[in-house]
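Going by this note's numbering, the sequence shown opens with residue 39, and the numbers climb by one from there.
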Amino acid sequence: MPVKIAVIGAGSIGFTRGIMRDILCVPELSDSIFAFHDISTRNLDMITQLAARDIRSNKVPAKLISTTSRRKALDGADFVLNTTRIGGLDAFKMDVDIPLKYGVDQCVGDTLCIGGIMYGQRNVPQIMAFCRDIKAVASPSCLFLNYANPNAMNTWAAIHYGGVQTLGLCHGVQGGHWQITEVIKLLVNENKKPGSKGYKEISPRDVDIICAGINHQTWYIQVRYNGEDWTRSLLEGFEKHPEFSKTEKVRIDIMKRFGYYTTESNGHVSEYVAWYRKRPAELQQWIDLSCWINGETGGYLRVCTEGRNWFETDFPNWMKAKSPKFDAASRGHEHASYIIEALKTGRTYRGHFNLVNNGCITNLPNDCIVEVPAYVDRNGISVPKVGDLPAGCAAICNASISVQRLAVQAAIDGDVNLLKQSALMDPLTAAVCTPPEISQMVDEMLIAQARWLPQYAKALPAAKKRFAAEPRLGTHVTEGAARIRTRSVDEMKQNAAEARKNAAASDKAMDARKKAAAKAAAKK
């Protein structure tokens, strides 16, 4: 029987087409049935037209269903992918801009810090709705593959409260793996030019890693190349690297103090800890504005907004462009297609997934969601025991886990006190704000985002009353310490190729890293 794959939030421009392409690159999956669901009829129509054209061009027997009915999309599904952004860019803008009034400067705001906490509040009610529908109409063995952030919170809710078999998937480990490979290549080929005698080309396939922790705070605790462990050489390599030494200052500083390199970007990591974004006057020394991912205030919001605006304007040209080929050479590196392939064909796949700890990392709580190595084949998902994380790395993770636990419980119960406690425990939020400021900021965000927060309907009148009675504490008048203006479509037309690439990128972070590395190489 053909495999049925449902995509919730299919209007995601680059991601949905990329995942479909990756799955249809596998010969045994070429007759898969895709069910695209989105609440935006316009986005759904555009992505459906593109995907249907790609299927026709590649002459594969795959079928495509497009529907605004979630239950219809999920009916009989073997796999369900979640790529939603609850509240869209309107809510995302509030996650960035309201905290700035209280002095909280975020680069992304979708995983931790106050932006990530509020994003979780919007997501969890919908995750519960997805799980109810999956249990009601999907295949009994259905696997829920969550790509949406905040990944750990969403996965936590789906497993512990939704009762659905779930894996959280993220490309952060792969991005850092690529960087580490570039650093080892630099160290191995020191004083040699590419293409010269003795120069060694090294790819991520040549560098074996063990990475463990929690999503976006996962640690490369073992790095092996050519039979040797390079973990302790990475600091020297990153400090010497012509690009990463400038763009990854936060991650390099953390590695200097804690001994290990961590996943995600400089911008992401800077907002998960208390140390780098709390003083606006000092922020510039830790970030780099050559690319949003290196720490720009609201950087991800900007590139997502530009990408959406460009896609809506440029859609007719996308339909005229040549379809991508469904072959091994064009297959991407997102985990989903390899997991589906492994479960259906038995070919083993090793990746890093988000799942319940259950003793895998022995110095993190058993109930938390960890990101660890795992193997997939026809027998299912096998998770080897990692053991203890280095003590300092575990301490950083445990601080974030406390925030996640409180935030998820708050979202499930609609409990404003728990929500405020999660914000009080958040490292960067607490480093910047006093308890009264945090309390008022949470109330203001609850009021502004009420239409996406049904679980807080009963608590909303009290929040409005408190907010109206208190003197304003969010008095900062700022766009942020490192804000770059969002470009208009007319401005983006001056470099249409770059704008189209940004709109199409399923992993904007990896695309940004590679673009920066290419620029650095061109300068040599």
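Heads up, the beta-carbon is just placed ideally off N, CA and C, and yes, glycines get one too.
Own chain partners of residue i with C-beta closer than 8 Å, once the 5 adjacent residues on each side are dropped
i              : result
methionine 463 : Ala437, Ser440, Val441, Leu444
glycine 201    : Cys169, Lys173
arginine 385   : Glu379, Asp415
alanine 89     : Thr54, Arg55, Met58, Phe72, Phe74, Leu102
glycine 114    : Lys42, Val175, Ala176, Ser177
N-terminal and C-terminal residue of the beta strand (DSSP E) that residue i is part of
i             : result
glutamate 409 : 407-415
tyrosine 299  : Tyrosine 299 -> no beta strand (DSSP E), and no H or E assigned at all.
valine 45     : 42-46
threonine 146 : With the sequence shown as reference, residue 146 is identified as valine, and threonine is not the correct amino acid for it. That residue, valine 146, is in no beta strand (DSSP E); it is neither H nor E in DSSP.
Same chain only: Cβ atoms within 7 Å of residue i, ignoring 5 sequence neighbours per side
i                 : result
alanine 568       : Nothing can be reported for residue 568, as the shown portion of the chain is limited to 39 through 562.
leucine 456       : Leu444, Gln447, Ala448
alanine 542       : Ile51, Gly52
methionine 84     : Phe353
arginine 109      : Asp171, Val175
alanine 520       : Leu321, Gln322, Ile325, Leu327, Gly333, Glu334, Thr335
isoleucine 61     : Ile43, Leu67, Ser70, Ser375, Ile378
glutamate 508     : Gln478
phenylalanine 364 : Arg59, Leu62, Cys63, Asn96, Val98
First and last residue of the uninterrupted alpha helix (DSSP H) at residue i
i              : result
cysteine 249   : Looking at the DSSP string, cysteine 249 is not in any alpha helix (DSSP H); the run it does join, the beta strand (DSSP E), is 245-252.
lysine 358     : 337-358
valine 441     : 429-451
arginine 538   : 534-542
valine 527     : 527-530
histidine 373  : 373-383
valine 454     : 454-463
lysine 230     : Lysine 230 -> no alpha helix (DSSP H), and no H or E assigned at all.
leucine 82     : 79-96
isoleucine 419 : Taken as a continuous stretch (DSSP letters only), isoleucine 419 belongs to no alpha helix (DSSP H), being part of the beta strand (DSSP E) at 418-420.
proline 474    : 473-486
serine 50      : No alpha helix (DSSP H) contains serine 50, which DSSP labels as neither H nor E.
methionine 39  : It is not in any alpha helix (DSSP H) - methionine 39 carries neither H nor E in the DSSP assignment.
arginine 510   : No alpha helix (DSSP H) contains arginine 510, which DSSP labels as neither H nor E.
glycine 236    : Where glycine 236 is concerned, there is no enclosing alpha helix (DSSP H), given that its DSSP letter is neither H nor E.
aspartate 128  : 126-139
Residues that residue i bridges to, as DSSP identifies them
i                 : result
glutamine 217     : None; glutamine 217 has no bridge partner.
alanine 319       : Its beta-bridge partners do not exist; DSSP assigns none.
glycine 425       : Ile399
glutamine 260     : Ile248
glutamine 255     : Ile252
lysine 173        : In the DSSP output, where bridge partners are listed per residue, lysine 173 has none listed.
arginine 521      : Thr335
phenylalanine 182 : Val118, Thr204
aspartate 326     : For aspartate 326, which the question treats as bridged, DSSP gives no partner whatsoever.
leucine 102       : Phe72
asparagine 392    : Gly206, Glu409
glutamate 266     : Tyr263
tyrosine 387      : Val414
Residue environment, residue i, which counts as buried when at least 16 other CB atoms sit within 10 Å
i              : result
glutamate 529  : exposed
glutamate 266  : exposed
tyrosine 237   : exposed
proline 473    : exposed
glycine 397    : exposed
aspartate 143  : buried
arginine 289   : buried
asparagine 533 : exposed
arginine 160   : buried
aspartate 481  : buried
lysine 458     : buried
aspartate 86   : Reading the sequence as shown, one finds threonine at residue 86 and not aspartate. So threonine 86 ends up on the buried side.
threonine 106  : exposed
arginine 315   : buried
aspartate 451  : exposed
alanine 129    : buried
6 Å CB neighbourhood of residue i in its chain, flanking five on each side removed
i              : result
serine 420     : Tyr413
methionine 483 : Ile136, Met156
tryptophan 194 : Ile407, Val446
histidine 215  : Pro242, Ile247
lysine 287     : Trp324
valine 454     : Ala497
alanine 537    : Trp348, Met530
glycine 345    : Asn540, Ala541
Any contact of the segment 399-407 with the segment 367-382, i.e. 3+ C-beta pairs under 8 Å? no
Given 8 Å as the limit, is there contact between the segment 79-93 and the segment 122-132, that is, 3 or more CB pairs closer than that? no
How about the segment 149-164 and the segment 302-320: do they share at least three Cβ pairs that are nearer than 8 Å? yes
Check whether the segment 216-223 and the segment 257-274 touch, using three or more Cβ-Cβ pairs below 8 Å as the test. yes
Are three or more beta carbon pairs between the segment 417-432 and the segment 242-261 nearer than 8 Å? yes
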